[in-house]
Amino acid sequence: MSQKSSSCVREAVENIEDLQSAVKEECPTGCYSKLLSPSYTLGDTVPFAIFTSKSKPFVAFGNVGELDNGPCFNTAFFRVEKVHDGCATLSLLIAFDEHKHILDFTDKDTVCDVFRLEKTNFCVEVDLDCFCAINCLNPRLLNRTH
């Protein structure tokens, strides 16, 4: 974990990274493997949304130009991959409604329409000091089927 700061968003993201990393430990019966209660049930991701100083959710774009065999999408949901010097690599989580339609957060869709989140290979680099709030979500949203 990087040095301590006064940024509560940075500290929260660093703590999420620590929890996710602990779930991947070698010993499946170790203390940390139970943090996501247990990892084989809830997975290795704590999904979250972060907010700008204007109380707007941060939205990022994935697969712009549709070059990687899938649709272009935007999302307000992320998984921390790595924290380094106050910055973070966040992977984008694509959001679906209950009818398996991709949600568009620049349109009329709202976060309340989210039924399922899926990991993607698309990432964004962010400066964690640029955010004022974080909202951690239930890990059960990942790959939810019912």
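Per the working numbering: the sequence shown = residues 6 to 151. Note that CB positions come from ideal geometry on N, CA and C, so glycine has one too.
Next item on the list: May I have the straight-line CA-CA distance separating S26 from T125, to the nearest angstrom?
Entry: 18 Å
Notebook entry, point to check: Where do the ends of the beta strand (DSSP E) carrying S143 lie?
Noted result: With the sequence shown as reference, residue 143 is identified as Asn, and Ser is not the correct amino acid for it. Looking at the DSSP string, N143 is not in any beta strand (DSSP E), and its letter there is neither H nor E.
Check: Just to confirm, are V85 and I21 a CB contact at a threshold of 7 Å?
Finding: yes
Check: Mind pulling the beta strand (DSSP E) runs of 3 or more residues that sit fully within the region 55–123?
Finding: 65–67, 78–80, 83–89, 92–101
Check: How is V51 classed by DSSP in three states: helix, strand or coil?
Finding: coil
Next item on the list: Spatial neighbours of A81 within its chain, please: CB distance less than 7 Å, with the 5 preceding and 5 following residues excluded, ordered by chain position.
Entry: A54, P62, F63, V64, F110, V116
Notebook entry, point to check: Of all the options G48, A17, N148, which has the alpha carbon lying nearest to the alpha carbon of A100?
Noted result: The residue with the shortest Cα to Cα distance from A100 is N148.
Note to self: Which same chain residues end up closer than 7 Å to T150 when comparing Cβ atoms and leaving out the 5 residues on each side of it in sequence?
What the structure shows: Cβ within range, chain order: n/a, list empty.
Notebook entry, point to check: In terms of alpha-carbon separation, which member of G67, C135, S12, V131 lies closest to E123?
Noted result: Residue nearest to E123 within the set G67, C135, S12, V131 is G67 (criterion: CA-CA distance).
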